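Novice: My structure is below; once you've seen it, I'll send some questions.
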Amino acid sequence: MDSVNMIAAPAVESALVLSGRFQRTLSFDLERLKSYESVLARPFDLRCYTTNRFIRSVEPYRGVRLTTLISEAGLPNEVPGEFKRTVFVAVGHDGYVVTFSWHELFNTPIGENVLVAYECDGRALDAEDGAPILFSGSDILPAPRHVKRLARIEAHVLEPLA
Ligand SMILES: Nc1nc2c(c(=O)[nH]1)N[C@H]1C(S)=C(S)[C@@H](COP(=O)(O)O)O[C@H]1N2
Ligand SMILES: [Mo]
1 MDSVNMIAAP
11 AVESALVLSG
21 RFQRTLSFDL
31 ERLKSYESVL
41 ARPFDLRCYT
51 TNRFIRSVEP
61 YRGVRLTTLI
71 SEAGLPNEVP
81 GEFKRTVFVA
91 VGHDGYVVTF
101 SWHELFNTPI
111 GENVLVAYEC
121 DGRALDAEDG
131 APILFSGSDI
141 LPAPRHVKRL
151 ARIEAHVLEP
161 LA
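Going by full-length UniProt numbering, the sequence shown opens with residue 1, and the numbers climb by one from there.
Structural data, given as structure tokens:
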């Protein structure tokens, strides 16, 4: 097992960065993700939203809640109520993008099941397996927000157009 770790890609390659409207920019490699309280997900079927295609069944993931990482980076509080119009843009290594709202994550049950996963069925995942994997366990069709090789979480504060 140790020899496998030795030849794995450098941890920095799968580092996840939280940047944008946070109190501080933070970077998490897989080891650092494992240092936070973890949550075990339920098994689910990965199904594409666009085509309804069944992709595969996924055994229970273990990971850290996205809300835990966001709280660690901290949202600014100088502008009252700004958090209510903050959205989190999740970006994969390949530029694939999905969104979460502050409300969804912190003020609905959906947020409790949004994990950054590093283990599946008791087995550690590495970059080749797609780690770290962001997924939203309460989504009706989970494939779109099952982001392989999550690279960034950006906090954006939205403004009305007019
Ligand atoms: N990084 C990344 N993750 C992604 C995507 C992507 O293009 N890039 N596509 C999503 C969509 S729309 C689908 S259907 C599934 C496809 O999963 P698969 O590549 O394991 O078949 O991955 C999801 N996660
Ligand atoms: Mo998809």
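In this text, a Cβ means the ideal position worked out from N, Cα and C, and glycines have one as well. Please read these numbers as outputs of a predicted model, since none were measured by experiment.
Measure the beta-carbon distance from alanine 131 to leucine 66 and round it to whole angstroms, keeping in mind my assumption that it falls under 8 Å.
Specialist: Position 131 of the sequence shown, counted from the start, is the residue given in the question as residue 131. Position 66 of the sequence shown, counted from the start, is the residue given in the question as residue 66. Incorrect: roughly 15 Å between the Cβ atoms, too far for contact.
Novice: In the DSSP assignment, what residue or residues form a beta bridge with valine 58?
Specialist: By one-based count along the sequence shown, residue 58 stands at place 58. Answer by DSSP bridge pairing, in chain order: Phe44.
Novice: Return the Cβ separation of leucine 33 and tyrosine 118 in integer angstroms, given the expectation that the two are a contact with Cβ distance under 8 Å.
Specialist: Against the sequence shown, residue 33 aligns to sequence position 33. Against the sequence shown, residue 118 aligns to sequence position 118. So it is a contact: roughly 5 Å between Cβ atoms.
Novice: When you compare the region 140-151 with the region 43-50, are there three or more beta-carbon pairs, one atom per stretch, that lie closer than 8 Å?
Specialist: These segments touch.
Novice: Just to confirm, is the Cβ distance from leucine 134 to valine 116 under 8 Å?
Specialist: In the sequence shown, counting from the first residue as 1, residue 134 sits at position 134. In the sequence shown, counting from the first residue as 1, residue 116 sits at position 116. Result yes, Cβ atoms of leucine 134 and valine 116 sit closer than 8 Å.
Novice: Using only alpha-carbon positions, find the residue among Phe88, Glu112, Leu125, Arg56 that is nearest to alanine 41.
Specialist: The residue labelled residue 41 in the question sits at position 41 within the sequence shown. When each option's Cα is compared against that of alanine 41, the closest is Glu112.
Novice: What does the alpha-carbon distance come out to for the pair glycine 137 and proline 160?
Specialist: Taking the first residue of the sequence shown as position 1, residue 137 is located at position 137. Taking the first residue of the sequence shown as position 1, residue 160 is located at position 160. Their backbone Cα atoms lie some 30 Å apart in a straight line.
Novice: Assuming phenylalanine 106 is part of the alpha helix (DSSP H), what are its boundary residues?
Specialist: Position 106 of the sequence shown, counting from 1, holds the residue named residue 106. That run of the alpha helix (DSSP H) goes 102-107.
Novice: Alpha carbons only, please: which of Gly81, Val87, Arg62, Gln23 is nearest the one belonging to tyrosine 36?
Specialist: Position 36 of the sequence shown, counted from the first residue, corresponds to residue 36. For tyrosine 36, the nearest C-alpha among the options comes from Arg62.
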